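Letter 71 of the sequence shown, counting from 1, is numbered 167 in my numbering, and no numbers are missing.
Beta carbons: idealized from backbone N, C-alpha and C, even for Gly.
Quick caveat, the model's predicted, so the values are computed rather than measured.
This report concerns only the one structure given below.
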Amino acid sequence: MVQNHNIEKKPRGRPQVRCDEDTRSVLIEAANKQFHENGYAAASIAAIAQEAGVSTKTLYRLFPTKADLFSEMVSDRTGRFLLALDPGTLATAGLRQGLERMLMAYGMLTLSQDTITITRLVIGESDRFPELATSFYEKAIDRTNASMENWLRRQMEHGLIKLEDPHAACGMLRGMMIMEPQRAAMLRQLPAPNIEEIAARAKMCADIFLKGCTA
């Protein structure tokens, strides 16, 4: 009896590796986990690299400092909010619908447990690491405010609303949407609101805002 010894050939060469962009994404998620579990100061670069399945050398090549990694993590979260506010999509929406969409997206970003935990971390560790506060303010607060303020200015240009100071009005609108539920969650007095509660608050805030500034 002749046996057929077919040997499976293994592909030669090194196993396929992730591109830098994918590796950055994996590192950001691993860093987010470390920051949530241990805080900023105690977050281990070695543990982040191990969680992401890369060497510390690779991590430092893509993110030279822990502060760079934190900054990119915040920027990544804010980027998702900005994608939700696609100008083309908002341009086809009416005034109320556009405002509610914008407030809903803002609420989903800022009232998530993930953001609340990071905000708590920034406040708690900003005295020792002032770069955290600077990064959070520039990457999260400034960027979201600019996007929302630009939308308000476009509505003014179309003659749909009238505002003496759109920058100040945007700050008031953002505060009305998130301040109370976010503060209660940060102080662990109430859980972070769910999607239905965020939607209801966005609708109420839109109603109050538009009654105060409709042309």
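Next item on the list: Report all residues from its chain with a CB closer than 8 angstroms to the CB of Leu286; omit the five preceding and five following residues, and keep chain order.
Entry: What you label residue 286 is simply residue 190 of the sequence shown in a count that begins at 1. So the qualifying residues of the chain are Pro277 and Ala280.
Margin query: Are the CB atoms of Ala302 and Leu207 within a distance shorter than 8 angstroms?
Written below: Along the sequence shown, one-based indexing puts residue 207 at 111. Along the sequence shown, one-based indexing puts residue 302 at 206. No, they are not a contact pair.
Check: How should Ala236 be labelled, buried or exposed, when 16 other C-beta atoms within 10 angstroms of its C-beta is the threshold for buried?
Finding: One-based indexing of the sequence shown puts residue 236 at position 140. With 16 or more other Cβ atoms within 10 Å, it is buried.
Next item on the list: Please name the residue, chosen from Met282, Lys162, Asn246 and Arg192, that lies closest to Thr215 on a Cα-to-Cα basis.
Entry: What you label residue 215 is simply residue 119 of the sequence shown in a count that begins at 1. Here the closest residue by C-alpha is Met282.
Next item on the list: Would you check if the stretch 146 to 156 and the stretch 120 to 130 touch, i.e. whether three or more CB-CB distances between them fall below 8 angstroms?
Entry: yes
Notebook entry, point to check: Got a sec? Which residues, its chain only, sit under 7 angstroms from Thr174 by beta carbon, not counting five neighbours each side?
Noted result: Counting from one through the sequence shown, the residue named residue 174 turns up at place 78. Here the set comprises Lys235, Ala236, Arg239 and Thr240.
Margin query: Since Leu228 and Phe177 should fall inside the 8 angstroms C-beta cutoff, what is the C-beta to C-beta distance between them, to a whole number of angstroms?
Written below: Along the sequence shown, one-based indexing puts residue 228 at 132. Along the sequence shown, one-based indexing puts residue 177 at 81. 19 angstroms between Cβ atoms; not a contact.
Notebook entry, point to check: Does DSSP put Asp118 in a helix, in a strand, or in coil?
Noted result: Position 22 of the sequence shown, counted from the start, is the residue given in the question as residue 118. Reduced to three states, the DSSP call for Asp118 is helix.
Next item on the list: Classify Gln130 as buried or exposed, calling it buried when 16 or more other Cβ atoms lie within 10 Å of its own Cβ.
Entry: As a first step, residue 130 must be located in the sequence shown, where it is residue number 34. Gln130 comes out buried.
Next item on the list: Alpha carbon to alpha carbon, how far is Pro160 from Gly194? Give it in angstroms, no decimals.
Entry: Residue mapping note: residue 194 aligns to position 98 of the sequence shown, counting from 1. Residue mapping note: residue 160 aligns to position 64 of the sequence shown, counting from 1. Taking the straight line joining both Cα atoms gives about 40 angstroms.
Item checked: Opening and closing residue of the alpha helix (DSSP H) in which Asp210 lies -> For the purposes of this step, residue 210 is identified with residue 114 of the sequence shown, where counting begins at 1. Segment Gln209 to Glu221, the alpha helix (DSSP H) holding Asp210.
Next item on the list: Could you check if Ser140 is buried or exposed, using at least 16 other CB atoms within 10 Å of its CB as the buried criterion?
Entry: Within the sequence shown, numbered from 1, the residue matching residue 140 stands at position 44. Label assigned to Ser140: exposed.
Next item on the list: Identify which residue in Pro226, Thr154 and Leu199 has its Cα closest to the Cα of Cys115.
Entry: By one-based count along the sequence shown, residue 115 stands at place 19. Among Pro226, Thr154 and Leu199, the Cα nearest to that of Cys115 belongs to Thr154.
Note to self: Starting from Phe166, trace the alpha helix (DSSP H) in both directions and tell me its first and last residue.
What the structure shows: Your numbering for residue 166 matches position 70 in the sequence shown. First-last of the alpha helix (DSSP H) with Phe166: Lys162 to Ala180.
Checklist line | Whole-Å CB distance - Ala137 paired with Arg224, under 8 angstroms assumed | finding: One-based indexing of the sequence shown puts residue 137 at position 41. One-based indexing of the sequence shown puts residue 224 at position 128. About 7 angstroms separates the two Cβ atoms, so the contact holds.
Checklist line | Proximity to Gly267 [Cα-Cα], best of Ser243, Arg284 and Met252 | finding: Walking along the sequence shown from the start, residue 267 turns up at place 171. Gly267 has its Cα closest to that of Ser243, out of Ser243, Arg284 and Met252.
Check: Along the chain, where does the alpha helix (DSSP H) that runs through Glu227 open and close?
Finding: What you label residue 227 is simply residue 131 of the sequence shown in a count that begins at 1. For Glu227, the enclosing alpha helix (DSSP H) covers residues Pro226 to Phe232.
Notebook entry, point to check: Rounded to whole angstroms, how far is the Cβ of Met273 from the Cβ of Ala296, which I believe are closer than 8 angstroms?
Noted result: Here residue 273 refers to the residue found at position 177 of the sequence shown. Here residue 296 refers to the residue found at position 200 of the sequence shown. Contact flag wrong, Cβ pair sits at about 11 angstroms.
Next item on the list: Report, in whole angstroms, the separation of the C-beta atoms of Ser251 and Leu199, which I expect to be a contact under 8 angstroms.
Entry: For the purposes of this step, residue 251 is identified with residue 155 of the sequence shown, where counting begins at 1. For the purposes of this step, residue 199 is identified with residue 103 of the sequence shown, where counting begins at 1. In the sequence as presented, Ser is not what sits at residue 251; that position holds Gln. Actually they are not in contact, since the Cβ atoms of Gln251 and Leu199 sit about 14 angstroms apart, beyond 8 angstroms.
Next item on the list: Go ahead and label Arg270 buried or exposed: buried means 16 or more other beta carbons lie within 10 angstroms of its beta carbon, across all protein chains shown.
Entry: On the sequence shown, residue 270 is found 174 positions in, with the first residue counted as 1. Arg270 is buried by the Cβ-count criterion.
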